[in-house]
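All residue numbers for the sequence shown refer to the numbering used here, where the first residue is 220 and numbers rise by one.
Backbone N, C-alpha and C define an ideal beta-carbon position, used for all residues, glycine too.
Here is the structure we will look at.
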Amino acid sequence: MSATYILIPGRTSKQGCGISEGKFGENYQSEINTLQVAPEDMKERGLAEGDRVRVTGEFGQIDVAIRAAKDGELPPGLLFIAYGDLSSRLMGADTHGSGMPTSKGMDVTMEKIA
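Written as structure tokens, this is what we have:
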């Protein structure tokens, strides 16, 4: 069963450090391929660190591994993923003249997959 959340993609400091090793390095790739979930939401949904979930939004869907956000880092109902290939699959093409598609506050559903 899926539940609705708000997704906030963005940059992370670990991602910034990983770029010096290259976008195909382990540090960078692990950062952009992991969804952070509030510990309360993980408990409520019966999710554990490393589980895979399907996130579906208006413009696409992704299958991604999860990890618990640090205590107090994300309030319940909010998800975070670092900018990268997976986050881009959930964004629409319209940039509203800015060159950057809308990427903050996207309504998505999240459900556990096998």
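Requested in this report: Would you kindly work out how many angstroms separate the C-alpha atoms of I281 and K289, rounded to a whole number?
Outcome: 23 angstroms
Query - Option in G229, S221 and M220 with minimal Cα separation from L305 - result: G229
**Report entry** Where the alpha helix (DSSP H) containing R264 begins and where it ends
**Finding:** P258 to R264
Query raised in the report: Do the CB positions of G303 and I251 come within less than 8 angstroms of each other?
Result: By the CB criterion at 8 angstroms, G303 and I251 fall inside the cutoff.
Query raised in the report: Distance, Cα to Cα, P295 vs Q255?
Result: 11 angstroms
Query - Start-to-end residues for the beta strand (DSSP E) that takes in L226 - result: A222 to G229
Query raised in the report: Since E330 contacts M220 with CB under 8 angstroms, what's their CB separation in whole angstroms?
Result: 7 angstroms
Query raised in the report: Can L309 and G276 be called in contact, C-beta distance under 8 angstroms?
Result: yes
Query raised in the report: Shortest alpha-carbon distance to S249 belongs to which of M261, A222, G269 and K262?
Result: G269
Query raised in the report: Using a Cβ-Cβ cut-off of 8 angstroms (strictly less than) and excluding sequence neighbours within five positions of I285, which residues of its own chain qualify?
Result: T253, L254, Q255, V256, M261, L266, E268, G269, D270, R271 and V272
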